[in-house]
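Going by the numbering used here, the sequence shown opens with residue 665, and the numbers climb by one from there.
No residue lacks a Cβ here, since even glycine has one placed at the ideal position from N, Cα and C.
The next block holds one structure in the form of structure tokens; read it before the comments.
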Amino acid sequence: SQTFTCRRPQSISRLRLRTVCGLHSKILAGRTITDPDLLESSNVDWLKTVKGSSEVLLRPQTTEEVSQILSYCNSRNLAVNPQGGNTGLVGGSVPVYDEIILSTSLMNNILTFDNISGILTCQAGCVLENLSLYLEERDYIMPLDLGAKGSCQIGGNVATNAGGLRLLRYGSLHGTVLGLEVVLADGRVLDCLATLRKDNTGYDLKQLFIGSEGTLGVITAVSILCPRKPKSTNVVFLGCETFEELLKTFQLCRGMLGEILSAFEFLDSECMRLLNTHLKLPNPITDCPFYIVIETSGSDQDHDSQKLDNFLEKAMASTLVTDGTVATEQSKIKDLWSMRERVTEALTHDGFTYKYDISLPVERIYQLVTDMRQHLGDRAKSVVGYGHVGDGNLHLNITSPAKDPALLAAIEPFVYEWTASCQGSISAEHGLGLKKRNYIYYSKPSQAVALMGNIKAMLDPKGILNPYKTLPDDLK
Ligand code: FAD
Ligand code: MLT
Ligand code: ZN
């Protein structure tokens, strides 16, 4: 059941049957879903912690249809919940009450791909993995990759400003997204679908929508700069005795691998225990307190192997790492990446999961896990740490056999106060959605939040777009 309480703005109407009939006959014949069984999976989030009660799901195919839907809903004060692959982890992708769900799943066409510049333009509903496969056939790759690639959509990725496993190398979507087409709350289409690397003509409006979690507009198309497919890829899985040694390994690695380093990720021994127990994934090396996944991507296998060998020799000789294995072949690369990518899935089998996605100065990231373990004692089932070391991004996850309000009260605000004391961010890459929005003040000054409120009021004066998400309840 829905865990979070919200104030429903007076201005937003309840859904009425005639609305459904109006939408159905006027706009989307055959693509208006009202069958409760079919709506079930779109009403609940991936973590199964937030459940709405929407009675209508719309599946437009074109920007024009999205425009008609929003114009219709805006004129009748009907709330709309944009939804992509529904893999979001902060309760932003599902309705809180009976908001109309606007799914982009049928907006899945690739529009153009320029083989010289590597610029891809596509509709928002393209699944990330499908885009990756399309590009790989053309010797390119997507600049982002994440464990949810099989379901998440590029529109959802942009709306959440997803980080993922390649950010260390290719940077954030604020840099790689070159253009967006967005339908505003009243149905106007904002065409900022540029395919230019450089364009300083006025304010860069697309940036506003990157990470706005469907609260400012519905993204209908994206143009994105894609890197060439690396000719050589290596993945190394290493074990470390302490987090200090892991950080020293990161330093060494950056120095010795330089431009070929494409990912530096970690998981702790508690994650390994969950992978072994719940997913039956065996540890590829000997048991250690910490594990590192390093990926290199380059254009010359001999050159990259040489650099990697030198690095590994030094890391082993200096006893920074205690054990390790290297993969150059695709299937083993995939297996080693699973050890990192599937921690999220393993956690769902461990119990009710409290997820925290924290940015911190890199040297502080594991201290939070250690302090949290000590703080909670035996009240939690598992307290695990993993994440994107290279980006200073910790995923701290805590499980309990079932939802446990007393445990939650012990975790929060402790975790947010701890983060704020280091000037960290309480949401590094997942967004605020429904779950985290009221904690925004731990990471943003009130003037900044007030300005966000002004922007929301300007772009969506009736508040129909993804209400109860991102912005805090106390915003005037
Ligand atoms: P949804 O979950 O459907 O929606 C997310 C938010 O975006 C909602 O607020 C929704 O309203 C809005 N939205 C969706 N589409 C649009 C649109 N077209 N226009 C406007 N608003 C829209 N996240 C990371 O950052 N890094 C990771 O490494 C990562 N790994 C993950 C691994 C797993 C196994 C899972 C389940 C999730 C992971 N996530 C990660 C979180 C999630 O996958 C990302 O946030 C993803 O970008 C969401 O895409 P989606 O299409 O599923 O969006
Ligand atoms: C990850 O890095 O694995 C994702 O952000 C998902 C998660 O935090 O569990
Ligand atoms: Zn992550």
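Straight-line gap, residue i to residue j (C-alpha atoms, nearest Å)
i, j, result
"Gly1054", "Phe954", "15 Å"
"Ser665", "Val714", "Low per-residue confidence applies at Ser665: pLDDT is 40, beneath 50, and the placement is therefore not dependable enough to give any value."
"Lys1099", "Gln965", "45 Å"
"Lys798", "Pro807", "The amino acid occupying residue 798 in the given sequence is Tyr; Lys does not appear at that position. Their backbone Cα atoms lie some 13 Å apart in a straight line."
"Ala743", "Val822", "21 Å"
"Gly851", "Leu1024", "39 Å"
"Gly755", "Met1003", "25 Å"
"Glu793", "Ser705", "21 Å"
"Ile958", "Thr683", "52 Å"
"Cys629", "Glu923", "Absent from the model: residue 629. The displayed extent of the chain is 665 to 1140, so no value can be given."
"Ala1066", "Gly1015", "6 Å"
"Gln915", "Cys904", "14 Å"
"Leu1123", "Arg1037", "43 Å"
"Arg861", "Val841", "9 Å"
"Lys895", "Val882", "37 Å"
"Asn1057", "Ile691", "43 Å"
"Ser1107", "His1094", "14 Å"
"Pro746", "Glu977", "50 Å"
"Val846", "Leu837", "16 Å"
"Val1079", "Pro700", "38 Å"
"Thr879", "Pro1136", "12 Å"
"Asp778", "Tyr761", "43 Å"
"Tyr1105", "Met980", "44 Å"
"Val1113", "Leu1139", "8 Å"
"Trp1001", "Thr865", "41 Å"
"Leu938", "Thr1012", "10 Å"
"Ser757", "Ser982", "47 Å"
"Leu872", "Gly1097", "16 Å"
beta-carbon residue i near the ligand FAD non-hydrogen atom, thresh 7 Å
i, result
"Ile883", "yes"
"Asn1130", "yes"
"Thr1017", "no"
"Ala743", "no"
"Lys759", "In the sequence as presented, Lys is not what sits at residue 759; that position holds Pro. Not under cutoff, so the answer is no."
"Ser815", "yes"
"Glu1009", "yes"
Unbroken beta strand (DSSP E) run spanning residue i, endpoints
i, result
"Lys1019", "Phe1016 to Ser1023"
"Gln1038", "Premise fails: Gln1038 lies in the alpha helix (DSSP H), Ile1029 to Leu1040, not in any beta strand (DSSP E)."
"Leu1052", "It should be noted that the sequence gives His, not Leu, for residue 1052. Residues Ser1046 to His1052."
"Leu854", "Val853 to Cys856"
"Cys904", "Ser896 to Cys904"
"Leu925", "Leu925 to Asp932"
"Tyr955", "Phe954 to Gly962"
"Leu872", "From DSSP, Leu872 is part of no beta strand (DSSP E) but of the alpha helix (DSSP H) over Lys870 to Phe873."
"Leu880", "No beta strand (DSSP E) holds Leu880; DSSP gives it neither H nor E."
"Ser767", "Ile764 to Ser767"
"Leu976", "Here Leu976 belongs to no beta strand (DSSP E); instead the alpha helix (DSSP H) covers Gln965 to Ala981."
"Leu775", "Ile774 to Asp778"
"Pro759", "Premise fails: Pro759 is in no beta strand (DSSP E) and is neither H nor E."
First and last residue of the uninterrupted alpha helix (DSSP H) at residue i
i, result
"Ser731", "Thr727 to Ser739"
"Gly839", "Leu837 to Thr840"
"Glu704", "Pro700 to Asn707"
"Leu911", "Phe907 to Leu921"
"Ile997", "Gln994 to Glu1005"
Closer than 8 Å to chain B by CB, residue i
i, result
"Arg695", "Note that chain B does not occur in the displayed structure, where there is just one protein chain."
Residue i beta carbon near the ligand ZN (any heavy atom closer than 7 Å)
i, result
"Gly827", "yes"
"Asn821", "no"
"Gly756", "no"
Residue i: CB within 7 Å of a non-hydrogen atom of the ligand SAM
i, result
"Val1033", "This structure simply doesn't include the ligand SAM; it includes the ligand FAD, the ligand MLT and the ligand ZN instead."
Distance cut-off 7 Å: residue i Cβ against heavy atoms of the ligand MLT
i, result
"Gly1056", "no"
"Gly1051", "yes"
"Ser931", "As written in the sequence, residue 931 is Leu, which differs from the Ser given in the question. No; taking the cut-off as 7 Å, the Cβ of Leu931 has no heavy atom of the ligand MLT nearer than that."
"Glu1093", "yes"
"Val714", "no"
"Asp709", "no"
"Leu753", "yes"
Exercise. Do the region 985–999 and the region 1016–1034 meet, that is, are 3 or more Cβ pairs less than 8 Å apart?
Worked result: With a cut-off of 8 Å on Cβ pairs, the region 985–999 is not in contact with the region 1016–1034, counting fewer than three such pairs.
Exercise. Is the number of C-beta pairs between the region 1064–1081 and the region 944–959 that are closer than 8 Å three or more?
Worked result: In short, these stretches do not touch, since the Cβ pair count stays below three.
Problem set entry | Stretch-stretch touch, CB-based, cutoff 8 Å, three pairs: the region 882–889 with the region 967–984 | The region 882–889 vs the region 967–984: no contact.
Problem set entry | Every unbroken alpha helix (DSSP H) within the region 786–825, with a cutoff of 4 residues, ordered by chain | The qualifying runs are 792–800 and 818–824.
For this session: Could you tell me whether the region 831–848 touches the region 917–932, using the rule of 3 or more Cβ pairs below 8 Å?
Result: Contact holds between the region 831–848 and the region 917–932, because three or more Cβ pairs, one in each stretch, are under 8 Å apart.
Problem set entry | Complete beta strand (DSSP E) runs within the region 1050–1133 (minimum length 3 residues, chain order) | Runs found: 1057–1064.
For this session: Indicate whether the contact test is met: 3 or more Cβ pairs, each with one atom in the region 801–819 and one in the region 776–791, closer than 8 Å.
Result: Taking one beta carbon from each stretch, the region 801–819 and the region 776–791 have 3 or more pairs nearer than 8 Å; the two touch.
Exercise. Is the region 846–862 touching the region 775–786, taking contact as three or more C-beta pairs under 8 Å?
Worked result: By the Cβ test, the region 846–862 is in contact with the region 775–786, since at least three Cβ pairs between them sit closer than 8 Å.
Problem set entry | Contact the region 1025–1044 vs the region 1075–1092: 3+ CB pairs below 8 Å | Between the region 1025–1044 and the region 1075–1092, the count of C-beta pairs closer than 8 Å reaches three or more; the two stretches touch.
Exercise. How do the region 1125–1139 and the region 734–742 stand: do at least 3 beta-carbon pairs fall below 8 Å, yes or no?
Worked result: Pairwise C-beta distances place the region 1125–1139 in contact with the region 734–742, as three or more of them are shorter than 8 Å.
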